[in-house]
Amino acid sequence: MEHKKLNPELVELVQKWKGKEGNLIMILHEIQNHHGYVPRELSLELSKMLDVPLARIYEVITFYNFFKLVPPGKHRIALCMGTACYLRGAAVILEEIKNILGIAEGQTTKDGLFYLDVVRCLGCCGLAPVIMIDDKVYGKVKKNEVADILSKYIKEE
Ligand code: FES
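Okay, so the sequence shown: first residue is 101 according to our numbering, each after it adds one.
Next comes the structure, spelled out in structure tokens:
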């Protein structure tokens, strides 16, 4: 069966939105929320799975300014502003990240290293406040730890 080779993330999304109105847009939204942009290989797979021409998918992506085709920064910082994180000081962590990197949410640092995103609940509320950098989760983050966390990625360069 062809689905075996397909990306499990996409299989799940397609099943979730199958037959629902606006499903292509909703799936693209979910992909972008997860990756920070819509990777080309996922568009290609999606085209096969939904039996929608790739050109149509790109039409939708380029029509809505919201969608991005390239990673907005090398590392995506997702700061959780869900209720649990908010109550445990996420706003302070957000301010600290903004101060250190000199960017606001939705922006990329000049060197292209970080993109800052604010999201709702990363699904690990017990660890609040939570930030996620790429696929790595940092829990119970304190203001004075933010610089250290970010510096790991800066040193890697
Ligand atoms: S509210 Fe932040 S992880 Fe759930």
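Every residue, glycine too, gets a C-beta built ideally from N, C-alpha and C.
Neighbourhood of residue i by C-beta, 6 Å cutoff - its chain only, sequence neighbours within 5 removed
i	result
S147	L154 and I157
M126	W117
R220	G182
V192	K243
As assigned by DSSP and simplified to three states, the class of residue i
i	result
Y158	helix
T183	helix
K243	helix
K210	coil
D217	strand
V237	strand
Residue i, enclosing beta strand (DSSP E) - first and last residue
i	result
R176	H175 to C180
I203	No beta strand (DSSP E) holds I203; DSSP gives it neither H nor E.
Among the options, nearest to residue i - alpha-carbon criterion
i	options	result
L124	K198, F167 and V241	F167
V114	V138, K252 and E145	E145
V138	E159, L169 and L150	L169
S251	I200, I231 and A191	I200
P172	H129, C225, T208 and Q132	T208
A184	C224, D248, E141 and G119	C224
D248	I197, G226 and L216	I197
T162	Y238, R140 and E121	R140
M232	I131, H129, D211 and R176	R176
Contact check, residue i vs residue j, beta carbons under 8 Å
i	j	result
L150	C180	no
K236	L227	no
Neighbourhood of residue i by C-beta distance below 8 Å, restricted to the same chain and skipping five residues each side
i	result
L194	L179, M181, E205 and V218
Residue interval of the alpha helix (DSSP H) (run including residue i)
i	result
K148	R140 to L150
V111	P108 to W117
N133	N123 to H135
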